[in-house]
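Asks: One structure coming up, written as structure tokens, with questions to follow.
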Amino acid sequence: NRSGYFLMKPSERAGLSKASKRSVALNSIRKICSGDRVRYIDGEFDLDLTYITSQVVAMAFPAAGLSSAWRNHIDDVANMLNKYHKNHYMIWNLSDKQYDYSKFDDNIFEFGFPDHHSPPLDMLFKIILTMYNWLKADPKNVAVVHCVGGKGRTGTVICCYLYFIGLFQDSSEAMEYFAQKRSKIENGVRQPSQRRYVGYFDEVLHSAIRPITPTIQLTKIILHTVPVYNKKKKGCSPCLKVFLTSKPPGELVYSSAWEQDISSVFYRPADEKIEWDIHTMVRADLMITCTHVEGSNTTLMFRSSLHTAFVRQQEIIPLEELDGVKMKKAVYIDEGMYLEILFCLDSSTSSSTDDSNAHDISQTVYAAVFSEYEKTRNAQMEAQND
1 NRSGYFLMKP SERAGLSKAS KRSVALNSIR KICSGDRVRY IDGEFDLDLT
51 YITSQVVAMA FPAAGLSSAW RNHIDDVANM LNKYHKNHYM IWNLSDKQYD
101 YSKFDDNIFE FGFPDHHSPP LDMLFKIILT MYNWLKADPK NVAVVHCVGG
151 KGRTGTVICC YLYFIGLFQD SSEAMEYFAQ KRSKIENGVR QPSQRRYVGY
201 FDEVLHSAIR PITPTIQLTK IILHTVPVYN KKKKGCSPCL KVFLTSKPPG
251 ELVYSSAWEQ DISSVFYRPA DEKIEWDIHT MVRADLMITC THVEGSNTTL
301 MFRSSLHTAF VRQQEIIPLE ELDGVKMKKA VYIDEGMYLE ILFCLDSSTS
351 SSTDDSNAHD ISQTVYAAVF SEYEKTRNAQ MEAQND
């Protein structure tokens with residue numbers, strides 16, 4: 001029962017001790033806050049935690065203090081893991097927050113990157129390698145992965161791992177499976193850039209080639225159709241920024257505010273499009289953000305993350321593949337809105353000749369990941385032929 005304590009009859013509540021009342025009430029709040037996420041409930045524990053496989057666990061942030069009123073309480077998580085997996089669990093913290101690691105005997109890997117964002121590609125490969133090495137060391141070992149809610153960033157990593165170990169032939173199947181296991185309504189990895197990076201991971205392994213990561217010129221960005229965020233003036237005042245994000249939280253390399261006062265910039269639907277001349281060199285992971293500025297207030301219009309190893313000269317990103325677009329926060333957004341990103345891939349304006357800079361994923365990490373991936377696929381093929 002999702003509402004638990006709040007649906008109890010007064011006579012039922014009266015029979016509980018103060019501690020029990022508090023525990024039942026907090027669990028009711030946590031169930032409501034966990035929404036559609038599948039919880040682990042066994043009579044002793046009631047946690048926002050899901051076994052995706054027998055060895056891979058997704059969970060919400062292990063909180064203390066006030067936030068533990070609606071998140072997993074860190075002591076409950078520690079007690080559960082130590083009861084069922086003592087000396088056999090490792091935690092991957094994908095959030096940018098720390099907590100009392102000693103409660104888990106410091107069995108923690110830190111791989112933090114921002115909420116609702118995709119992980120840098122090199123970091124993603126390192127996470128998968130550390131998970132694989134831990135899980136293959138002992139069949140009793142479990143990998144516990146969390147961000148804050150335990151779905152977006154957590155799902156991105158777990159989907160890549162499930163594809164990597166050969167549970168699925170296609171990364172999209174892994175994402176469908178994760179959604180089915182983690183969510184009552186099959187709501188899994190939803191952010192387009194996170195799904196894009198799962199696809200990148202799939203592509204790297206499938207191609208069997210460590211990708212060249214050139215430094216290229218981002219020449220222009222065009223937003224086709226103009227959304228309305230200012231109700232009075234019926235338009236928007238956009239500020240576009242470009243970040244290099246291989247090392248979180250990222251390096252700002254371009255801002256339209258550097259070139260013009262945003263308060264004097266205004267576009268209306270009649271303008272049909274918004275163009276930014278960028279002419280900035282970019283490499284590896286990059287993120288484009290656009291916000292509407294109105295006085296001291298800003299509203300995210302959209303965000304998108306890409307990697308230069310996979311981009312073409314012209315990238316078209318339709319509305320449904322842009323992150324952070326919230327129709328309710330806008331007055332009007334045309335359903336045909338899309339982002340056009342232009343790169344110059346010409347060798348005279350790009351650089352990939354220096355091998356130390358030509359690859360984003362380190363040779364050691366890539367070789368280890370691909371070697372294990374190849375062994376798994378070969379074993380599967382042999383089993384099918386028997």
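Residue 201 in full-length UniProt numbering is what sits at position 201 of the sequence shown, and the numbering runs on without skipping anything. By construction, the Cβ of each residue, glycine as well, lies at the ideal position given by its N, Cα and C atoms.
1) I need the boundaries of the alpha helix (DSSP H) containing I361, first residue and last residue.
2) What first and last residue would you give for the alpha helix (DSSP H) that runs through A179?
3) State the start and end residues of the unbroken beta strand (DSSP E) segment that holds V55.
4) Specify the secondary structure class of residue 401 as computed by DSSP and reduced to three states.
5) Considering only their Cβ atoms, is the gap separating G324 from L300 smaller than 8 Å?
6) S264 by DSSP, collapsed to three states: which one?
7) Give the secondary structure of E44 by DSSP, where H, G and I count as helix, E and B as strand, and everything else as coil.
8) Thinking C290 and L218 are a contact (beta carbons under 8 Å), I'd like their distance in whole angstroms, please.
9) Beta-carbon within less than 6 Å of R303's beta-carbon, same chain only, minus the 5 sequence neighbours each way: which residues are those?
10) Whole-angstrom Cβ separation of D334 and P120, contact assumed at under 8 Å?
11) Does the beta-carbon distance from F104 to I91 come in below 8 Å?
12) Can you tell me whether R312 is buried or exposed? The criterion is at least 16 other CB atoms within 10 Å of its CB, across all chains shown.
13) Count the other CB atoms, across all protein chains shown, that sit within 10 Å of the CB of S207; report buried if there are 16 or more and exposed otherwise.
14) What residue range is occupied by the uninterrupted alpha helix (DSSP H) comprising E259?
15) Return yes when the Cβ of F125 is within less than 8 Å of the Cβ of V369, no when it is not.
16) Please confirm whether R283 and L342 have their CB atoms less than 8 Å apart.
17) At what residue ranges does the stretch 205 to 252 contain a whole run of the beta strand (DSSP E), taking only runs of 3 or more?
18) Could you tell me the alpha carbon to alpha carbon distance between A367 and V204, rounded to whole angstroms?
19) So, helix, strand or coil for Y99, using DSSP?
20) May I ask you to report which of helix, strand or coil DSSP gives T308?
21) Do you know whose CA, among D96, N82 and I52, lies nearest P248's CA?
22) When you compare the stretch 155 to 164 with the stretch 127 to 136, are there three or more beta-carbon pairs, one atom per stretch, that lie closer than 8 Å?
23) Check V189 in the structure and name its three-state DSSP category.
24) Can you have a look at P227 and say buried or exposed, based on whether 16 or more other CB atoms are within 10 angstroms of its CB?
25) Taking D170 as the reference, which of K184, T154, G199 and H146 has the closest Cα?
26) Report the partner residues of V144 according to the DSSP bridge assignment.
27) Tell me whether L252 is buried or exposed, calling it buried when 16 or more other Cβ atoms sit within 10 Å of its Cβ.
28) Answer yes or no: do S237 and V145 have a C-beta to C-beta separation smaller than 8 Å?
29) Taking Cβ positions, are V331 and I278 nearer each other than 8 Å?
30) By the three-class DSSP mapping on this structure, what secondary structure does N72 have?
31) So is P192 buried or exposed if we call it buried at 16+ other beta carbons inside 10 Å?
32) Along the chain, where does the alpha helix (DSSP H) containing V157 start, and where does it finish?
33) With a 10 Å radius around its C-beta and 16 neighbouring C-beta atoms as the bar for buried, classify W258 as buried or exposed.
34) Can you name, in chain order, every residue of its own chain whose Cβ lies under 7 Å from the Cβ of Q380, other than the five neighbours on each side?
35) Assign Q260 to buried or exposed, taking buried as 16 or more other Cβ atoms, counted over all protein chains shown, within 10 Å of its Cβ.
36) Measure from the alpha carbon of S263 to the alpha carbon of each residue in G188, G295 and I74, then state which is nearest.
Replies: The relevant details are as follows:
1) No alpha helix (DSSP H) holds I361; DSSP gives it neither H nor E.
2) Here the alpha helix (DSSP H) through A179 covers S171 to R182.
3) The question names Val, but residue 55 in the sequence shown is Gln. Taken as a continuous stretch (DSSP letters only), Q55 belongs to no beta strand (DSSP E), as it is neither H nor E.
4) A question about residue 401 goes unanswered here, because the residues of the chain that appear run from 1 up to 386.
5) Taking 8 Å as the Cβ cut-off, L300 and G324 qualify as a contacting pair.
6) Note: S264 maps to helix in three-state DSSP.
7) DSSP places E44 in coil when its eight states are reduced to three.
8) So it is not a contact: roughly 14 Å between Cβ atoms.
9) Setting aside the 5 residues that flank it on each side, R303 is surrounded in the same chain by T289, D323 and G324, each with a C-beta closer than 6 Å to its C-beta; the list follows chain order.
10) The beta carbons of D334 and P120 sit about 32 Å from each other, so the pair does not count as a contact at 8 Å.
11) Yes, the pair counts as a contact, with Cβ atoms nearer than the cut-off.
12) The residue in question, R312, is exposed, as its Cβ has fewer than 16 Cβ neighbours within 10 Å.
13) Exposed, by the Cβ-count rule.
14) Unbroken run through E259: none, as it is neither H nor E.
15) Their beta carbons are under 8 Å apart, which means V369 touches F125 by this criterion.
16) No. Outside cutoff.
17) You should have 215 to 224 and 238 to 244.
18) About 12 Å.
19) The answer is coil: DSSP assigns Y99 none of H, G, I, E or B.
20) Coil, per DSSP.
21) The shortest Cα separation from P248 among D96, N82 and I52 belongs to D96.
22) Contact between the stretch 155 to 164 and the stretch 127 to 136 is present, with at least three C-beta pairs closer than 8 Å.
23) Here V189 sits in coil by DSSP.
24) By the 10 Å Cβ count, P227 comes out buried.
25) Nearest Cα to D170 within the set K184, T154, G199 and H146: G199.
26) Answer by DSSP bridge pairing, in chain order: V57 and I91.
27) Label assigned to L252: exposed.
28) Against a cut-off of 8 Å, the Cβ pair of V145 and S237 comes out as no contact.
29) No; because the gap between Cβ atoms is not below 8 Å, this pair is not in contact.
30) In this structure, DSSP gives N72 an extended state, which the three-state scheme calls strand.
31) Label assigned to P192: buried.
32) Boundaries of the alpha helix (DSSP H) around V157: G152 to F164.
33) So W258 ends up on the exposed side.
34) Around Q380: G166.
35) So Q260 counts as exposed.
36) When G188, G295 and I74 are compared, the shortest CA-CA separation from S263 is found for G295.
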